[in-house]
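What follows is a short report on a single structure.
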C-alpha cells in the first residue's frame, strides 16, 4: 500500500514536470512565431526595396539608350513633318 502511494506521488511529480515543460515550450513557440513574423516583414521590405531599385536602374538604362539616339533631352526624336 505504501508503495502504491509512493508511485502515485511520483506520477504526480512527473505530470507536474511535464506540464511545466509544456508551458515553457508554449512560450518558446510564441516567441518563435513573433520572431518569424518580424523576419518575414523585414525580408518583404528588403525585396520591395530591391525591386524599386531595379526598376529605377532599368529606367535609367533605357533613358541612356534613348539619349544615345535622340539627345539628352529626347527632343530630337519628335516626328518631323
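Numbering (the numbering used here), first residue to last: 7 to 87. Heads up, the beta-carbon is just placed ideally off N, CA and C, and yes, glycines get one too.
What is the residue span of the alpha helix (DSSP H) that residue i lies within?
i: residue 84; result: Neither: residue 84 is in no alpha helix (DSSP H) and is coded neither H nor E.
Can the beta-carbon of residue i be found less than 8 Å from the beta-carbon of residue j?
i: residue 73; j: residue 65; result: no
Please state whether DSSP places residue i in a helix, a strand or coil.
i: residue 78; result: coil
i: residue 49; result: helix
i: residue 31; result: helix
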